[in-house]
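Have a look at the structure below before the remarks.
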Amino acid sequence: MARLIAMEKSALLEANKKDMDGYDGADLAMGDRLKVDKSKIEGMISALEKLANEPDPLGIERFSFTHENGIRVSNKTAPFGTILIIYESRPDVTIEAAGIAFKSGNKILLKGGKESLNSNLFLVALWHKALEENNCSQDWVTYLQFDRTQTQAFLENPSQKLDLIVPRGGERLIAFVKEHATCPVIVSGRGNNFLYVDTDADLQMALDIIINGKASKISACNALDKVLISRDLPRKQEFLQHLIQSLKKHKVEILTDAKLEGLEGTSLMNDEKVWYEEFLDYKILIGQVPDLNEAVNTINTYGGGHSAVIITNNEDKAEEFMTSVDSAAVYHNASSRFTDGGQFGLGGELAISTDKLHQRGPIGLQHLVTNKWYVKGNGQIR
Numbered sequence: 002m003a004r005l006i007a008m009e010k011s012a013l014l015e016a017n018k019k020d021m022d023g024y025d026g027a028d029l030a031m032g033d034r035l036k037v038d039k040s041k042i043e044g045m046i047s048a049l050e051k052l053a054n055e056p057d058p059l060g061i062e063r064f065s066f067t068h069e070n071g072i073r074v075s076n077k078t079a080p081f082g083t084i085l086i087i088y089e090s091r092p093d094v095t096i097e098a099a100g101i102a103f104k105s106g107n108k109i110l111l112k113g114g115k116e117s118l119n120s121n122l123f124l125v126a127l128w129h130k131a132l133e134e135n136n137c138s139q140d141w142v143t144y145l146q147f148d149r150t151q152t153q154a155f156l157e158n159p160s161q162k163l164d165l166i167v168p169r170g171g172e173r174l175i176a177f178v179k180e181h182a183t184c185p186v187i188v189s190g191r192g193n194n195f196l197y198v199d200t201d202a203d204l205q206m207a208l209d210i211i212i213n214g215k216a217s218k219i220s221a222c223n224a225l226d227k228v229l230i231s232r233d234l235p236r237k238q239e240f241l242q243h244l245i246q247s248l249k250k251h252k253v254e255i256l257t258d259a260k261l262e263g264l265e266g267t268s269l270m271n272d273e274k275v276w277y278e279e280f281l282d283y284k285i286l287i288g289q290v291p292d293l294n295e296a297v298n299t300i301n302t303y304g305g306g307h308s309a310v311i312i313t314n315n316e317d318k319a320e321e322f323m324t325s326v327d328s329a330a331v332y333h334n335a336s337s338r339f340t341d342g343g344q345f346g347l348g349g350e351l352a353i354s355t356d357k358l359h360q361r362g363p364i365g366l367q368h369l370v371t372n373k374w375y376v377k378g379n380g381q382i383r
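Going letter by letter, the sequence shown gives residues 2 to 383 in this note's numbering.
Here is the structure:
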């Protein structure tokens, strides 16, 4: 598949151009996710090559036990069976999700958004060609060209056995799937990530990490949306001025809570619900908290359970923060933008789960498996 994509770069770019020409551009983040360029194609190829070199995740023994009566019991990894992933505007998901599913012995049903139809159908055709060349059935990778009504009907009464559904997108998509699904669902895609600047922070480090988290890729679920500043931060006003100036250079809209009201270049948050929002835009909310405990409470109240960051040179505070915050990934002095299967050494990801069952955070090849018990005897009865 990696070889076919490399051969068909121009045709893929042409298919994606049709999608981009048909997109109205209303949602900045969706447009960013929809676009395929040479860099994204190189990323697709690299992800597939890494997957090809990963060890087989199936049949790995996780536990073994020999009963006093001689029965030998073991637990080994096994495929789920058939996985449905529903996603918006990201042709690279058609590559990464299908690759991880196939390598882990799972059939996959792909339900992409109508905005990326041309790109997705082209990539699925390449998948079918790659499968045929290796004497594999095309039904390992199936594309569902459904509208919303057809998707709802399929979720409620699947025409084939479904073992797992992964909605990868905004909150409306996730709510829609959870309402209508009749099999297990892993929630993926929502960020709303927080960063706390502690009194013992390196202020230049904090500035660099905030700008990277907010401005490097607004369409990513690992982007930064909220910054909490310690009330007693040394040189607080100077730091805030530098932060606001830097964010403005990236054309970021800056909101503050009431405790920081009046900062030049900012506007006051007018509704507490903003704390819950994932922006997916050049927009950030800066608030003030009295201490570490209140920072943790604020994050656990409003955050999306995805990623949370503390900037501090105090190891004890960092440990307390990372232990107490209820997020899939917790960071000390690093950008939330690293929450990604490839960056975490997994060789790619199906999705990033904010659920706690069965896997939390990036779902890589080794996580897209369930398990099975093997019991071997020679006539034992209980």
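C-beta: ideal position from N, C-alpha, C; glycine also.
At a Cβ-Cβ threshold of 8 angstroms, residue 337 and residue 121 do not count as neighbours. Ranking 212, 85, 287 and 231 by CA distance to the CA of residue 252 puts 212 first. Between the alpha carbons of residue 221 and residue 98 lies a gap of roughly 16 angstroms.
Residue 62 carries a strand assignment under DSSP once its states are collapsed to helix, strand and coil.
Going by beta carbons, residue 377 and residue 72 fall inside the 8 angstroms limit. DSSP lists 84 as the beta-bridge partner residues of residue 165.
Within the DSSP secondary-structure output, residue 288 pairs in a beta bridge with 229. Residue 149 sits in a helix when the DSSP states are folded into three classes. When the beta-carbon positions are compared, residue 319 and residue 362 stay at least 8 angstroms from each other. Annotation for residue 262: 269 place their beta carbon closer than 6 angstroms to its own, counting only its chain and skipping 5 residues before and after. Between residue 144 and residue 125 the beta-carbon gap is near 4 angstroms, inside 8 angstroms, which marks them as a contact. Annotated three-state conformation of residue 185 is coil, per DSSP. Counting the other CB atoms within 10 Å of its CB gives residue 360 a total of 16 or more, which places it among the buried residues. According to DSSP, residue pairing for residue 355 in a beta bridge does not occur. When DSSP reads this structure, residue 268 sits in a beta bridge with 256.
With a 10 Å radius around the Cβ and a threshold of 16 neighbouring Cβ atoms, residue 31 comes out buried. In the assembly as shown, residue 123 is a buried residue. Its beta-carbon has 16 or more other beta-carbons within 10 Å. The beta carbons of residue 366 and residue 55 sit closer together than 8 angstroms.
When DSSP assignments are scanned along the segment 20–52, the uninterrupted stretches of alpha helix (DSSP H) that are 4 or more residues long and fall wholly within it turn out to be 29–35. The three-state reading of DSSP puts residue 251 in coil, since its state is none of H, G, I, E or B. Of the residues assessed, residue 246 falls on the exposed side of the cut-off, its CB having fewer than 16 other CB atoms within 10 angstroms. For residue 216, the three-state secondary structure derived from DSSP is helix. Between residue 58 and residue 78, the beta carbon gap of about 6 angstroms places them in contact (Cβ cut-off 8 angstroms). DSSP places residue 374 in the uninterrupted beta strand (DSSP E) bounded by 371–377.
In this structure, residue 127 and residue 5 form a Cβ contact; the two beta carbons are roughly 5 angstroms apart against a cut-off of 8 angstroms. For residue 319, the uninterrupted alpha helix (DSSP H) run begins and ends at 316–325, by DSSP.
Residue state for residue 12 is assigned as helix, using DSSP reduced to three classes. Selection 24, 130, 100 and 80 evaluated against residue 107 yields 80 as nearest (Cα-Cα). For residue 60, same chain residues with a beta-carbon under 6 angstroms away, outside a window of 5 residues either side, are 77 in chain order. Apart from sequence neighbours up to five positions away, the residues of its chain that approach residue 64 with a beta-carbon distance below 6 angstroms are 76, ordered along the chain.
Of all alpha-carbon atoms in 101, 3 and 102, the one lying nearest the alpha-carbon of residue 131 is that of 3. Closest option to residue 307, judged by alpha-carbon separation, among 174, 372, 354 and 22: 354. Spanning the alpha carbons of residue 177 and residue 40 requires a straight line of approximately 33 angstroms. Shown here for residue 189: same chain residues with a beta carbon closer than 6 angstroms to its own, the five before and five after excluded, namely 167, 169, 352, 353 and 354 in chain order. Under DSSP, the beta-bridge partners assigned to residue 73 are 67 and 377.
Taking a 10 Å sphere around the C-beta of residue 15, we find fewer than 16 other C-beta atoms and assign the residue as exposed.
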